[in-house]
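Notes for the one structure printed next.
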Amino acid sequence: MAGDEADLFVDSLVGAPLKDDRALMEFPFFSIQKQPRMEPLIYDDGRTQITIEPGPKGLATIWDKDVLLYVVSLINERIERGMDVDHTVRFAAHDLLRVTGRGTGKRSYELLLDALFRLRSTNIMTSIESADERDRRGFGWIETWRVVERKTSTGRKIMAAIEITLNDWMFRALVKERRVLTINPTYFDLESGLGRRLYEIGRKHLGNQDIWRISLEKLAKKIGTSRELRFFKRDLLKIIQNDVIPDYTLSLEVGPRGGRPVVIFEHRESDHTFIPG
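According to our numbering, the stretch in the sequence shown is residues 137 to 413, in order.
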């Protein structure tokens, strides 16, 4: 951690649209469980291969991903304004915590530091190309991170800014491919990791279609759950019953002639003004 730095220049996302990377929405890159996941997350559908290996504090979680969403959104906002962009961004921790609904108490800052550690130490290997380039190496979600501290008038140290360098794979996808989708800010209100993944998958796949279907087994694979299918089904039915996924409603039906269960995503009928894009 650095010492005092005067006249800090920091980006701010307050009021700007939140963006997510399409590949990160489609495939299981993050743990959806709150307790540390120490076993690798492996996905292979025959076309796309992903291996995520944990660091000392476990795999980066879908709640840790909030930091990436904030950084991606900052960079995207600069691109859309015609400003120069770089792998490294600096922002106020308070703004990130406020935008992502994490609270701004001492514990929130401590959890943010844990998230930065997991994002740096988790190792990703994937066959997904970025700007027509495929990385044949492992990489972390962020290359480096740094917390800039300053002293208050009472001598107390506070987190003035966070500086993050985004990995090259994501930076290329964002700058060259423009591989982003707008997400509903109420996404951050979802408490369960499963609920967050269901929103991401619905946002990525439903698009302008009226309805999108996927088998229960294939959905479980896309979610990245470590639960047995029968327990995953039970968890999913609770989400469906509570009906809390922003923008989408979900249902579960038995396939034709008593076949395998199918999950159905549909647009929610609502008067909200959120516009995908």
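Every residue gets a Cβ at the ideal spot worked out from N, C-alpha and C, and that includes glycine.
Under the DSSP assignment, GLU299 falls in the beta strand (DSSP E) whose first and last residues are 293–302.
Put simply, the region 375–391 touches the region 328–335. At least three CB pairs are less than 8 Å apart.
For the pair LEU210 and VAL225, the CB atoms are nearer than the 7 Å cut-off. VAL390 counts as exposed, since fewer than 16 other beta carbons sit within 10 angstroms of its beta carbon. Close CB contacts of LYS369 within its chain, under the 8 Å cut and outside five residues either way in sequence, are with LEU352, LEU388 and PRO397 (chain order). DSSP places TRP305 in the helix class (H, G or I) of the three-state scheme.
The three-state secondary structure of LYS193, taken from DSSP, is coil. According to the DSSP secondary-structure assignment, LYS287 is paired through a beta bridge with LYS293. Residue environment analysis places SER289 among the exposed positions, since fewer than 16 neighbouring C-beta atoms fall within 10 angstroms of its C-beta.
Shown here, LYS170 sits in coil according to DSSP, grouped into three states, outside any helix or strand. In the three-state reduction of the DSSP assignment, ILE211 falls in the helix class.
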